[in-house]
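Remarks on the structure that follows.
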Amino acid sequence: MELLESIGSWAGYIAIALFFIFKNGAQKYVDEKAKNLATIEDTGKITNEVENVKSQFHRQSHAWKWVFEKEYEILKDVWNSSWEFQAAARSLRPMMDFVPEDDEEKKKMFEDRYKTYIDSANEFKDVVYKNKPFIPPVVYETCLSLKDIVSDFQIDFELSYIQKLRGPDWKRLTESVEKLNSTLDELNDNIREHVHGNLNAAQPEP
Numbered sequence: 015m016e017l018l019e020s021i022g023s024w025a026g027y028i029a030i031a032l033f034f035i036f037k038n039g040a041q042k043y044v045d046e047k048a049k050n051l052a053t054i055e056d057t058g059k060i061t062n063e064v065e066n067v068k069s070q071f072h073r074q075s076h077a078w079k080w081v082f083e084k085e086y087e088i089l090k091d092v093w094n095s096s097w098e099f100q101a102a103a104r105s106l107r108p109m110m111d112f113v114p115e116d117d118e119e120k121k122k123m124f125e126d127r128y129k130t131y132i133d134s135a136n137e138f139k140d141v142v143y144k145n146k147p148f149i150p151p152v153v154y155e156t157c158l159s160l161k162d163i164v165s166d167f168q169i170d171f172e173l174s175y176i177q178k179l180r181g182p183d184w185k186r187l188t189e190s191v192e193k194l195n196s197t198l199d200e201l202n203d204n205i206r207e208h209v210h211g212n213l214n215a216a217q218p219e220p
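Shown next as C-alpha cells:
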C-alpha cells in the first residue's frame with residue numbers, strides 16, 4: 015500500500031515536472047515562431063524599401079542621361095556654329111588675299127564672302143540665342159565675346175566695301191585674329207570642362 019502511495023506521489027511529481035517542461039517548450043516555440051514572423055515581415059519591408067530606392071535611382075538616372083544627351087547635342091551645335099561663324103569672318107579678310115583687278119569680279123567676290131558670313135552669323139545666333147536657357151553661363155558668355163570680336167572683321171569689311179578706296183586695317187585685323195584664336199580656345203576649354211565635369215559627377219563612388 016505504501017509502495018502504491020509512493021509511486022502515485024512520484025507520478026504526480028513527474029506529471030507536474032513534465033507540465034512545466036512542455037509549458038516552457040511551448041512558450042519558446044511560440045516566441046521563436048513570432049520572431050520568425052517578425053523577421054519575415056521586416057525582410058519584406060526592407061525588400062520593398064530597396065526596390066523603391068532602385069526604382070527611384072533608375073528614374074533619376076534615365077532623366078539625367080536624357081538631359082546630358084540633349085545638353086551635349088546643344089553644346090556640339092554651339093561649337094560647330096561658332097567654328098563656322100569665326101571661319102566665315104576670317105574669310106572676309108584673309109591675310110593672304112587675292113583680289114581681282116576687275117571691279118565686277120571684285121564685287122561678286124565680296125558679295126559671296128559677305129553672304130557666307132551673314133549665313134553663318136544667322137546660324138550662330140539661332141543656335142546660341144535660342145538655346146540660351148540650356149547653355150552653361152560660362153559657355154554663353156564666351157560665345158558673346160566671340161561675337162564681339164568677329165564684329166571687327168565685319169565692320170572693316172563693310173567699310174572697305176562702301177568706301178571703295180579704303181584698304182583693310184591690317185593692324186586691327188591682326189589683333190582681332192589673335193583675340194579670336196584665344197577666345198576660340200577658351201570656348202573649347204569651357205565646353206570640354208563642362209562635359210567632363212558632368213561625366214565625372216555621374217561616376218559612382220568607389
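For any residue, its number in our numbering is found by taking its place in the sequence shown, counting from 1, and adding 14.
No residue lacks a Cβ here, since even glycine has one placed at the ideal position from N, Cα and C.
No experiment lies behind these values; they were computed from the predicted model shown.
Local Cβ density within 10 Å of residue i, reported as buried at 16 or more and exposed below that
i: Leu173; result: exposed
i: Asn94; result: exposed
i: Arg107; result: buried
i: Val164; result: buried
i: Asp6; result: What the structure shows of the chain is the stretch from 15 to 220, and residue 6 is not part of that stretch, so it cannot be assessed.
i: Leu160; result: buried
i: Ser96; result: buried
i: Ile205; result: buried
i: Leu158; result: exposed
i: Asp170; result: buried
Same chain only: Cβ atoms within 8 Å of residue i, ignoring 5 sequence neighbours per side
i: Ser105; result: Arg127, Thr130 and Tyr131
i: Asn212; result: Phe82 and Glu85
i: Lys139; result: none
i: Lys120; result: Val113 and Pro114
i: Leu198; result: Ser96, Trp97, Gln100 and Leu160
Supposed close pair residue i, residue j - CB separation, criterion 8 Å
i: Glu125; j: Glu98; result: Wrong, their Cβ atoms sit about 19 Å apart, outside the cutoff.
i: Leu89; j: Val191; result: 25 Å between Cβ atoms; not a contact.
Sequence-distant residues of its chain with Cβ nearer than 7 Å to residue i (five each side left out)
i: Asp91; result: Val141
i: Glu200; result: Thr156
Closer than 7 Å: residue i CB and nearest the ligand ATP heavy atom
i: Glu87; result: Ligands are entirely absent from the displayed structure, and the ligand ATP is therefore not among its contents.
Own chain residues within Cβ distance below 6 Å of residue i, not counting five before or after
i: Ser134; result: Glu98, Phe99 and Ala102
i: Val44; result: Any reading at Val44 is ruled out, since the residue's pLDDT is 48, under 50, leaving its predicted position unreliable.
i: Gln12; result: Since the first and last residues shown for the chain are 15 and 220, residue 12 lies out of range.
i: Leu194; result: Gln100 and Ile163
i: Asn145; result: Ile88
Residue i at chain B interface by Cβ criterion, 8 Å
i: Gly211; result: Absent from the structure is chain B; it holds one protein chain and no more.
Using a Cβ distance threshold of 8 Å, determine whether the stretch 182-193 contacts the stretch 148-155, with at least three qualifying pairs required.
No contact exists between the stretch 182-193 and the stretch 148-155.
- Could I get the ranges of all uninterrupted alpha helix (DSSP H) runs contained in the stretch 136-170, with 4 residues as the minimum, in chain order? As for any alpha helix (DSSP H) of minimum length 4 sitting wholly inside the stretch 136-170, there is none.
Handout entry: Within the stretch 97-136, ranges of the alpha helix (DSSP H) (whole runs, at least 4 residues)
Key = Here no run is fully enclosed.
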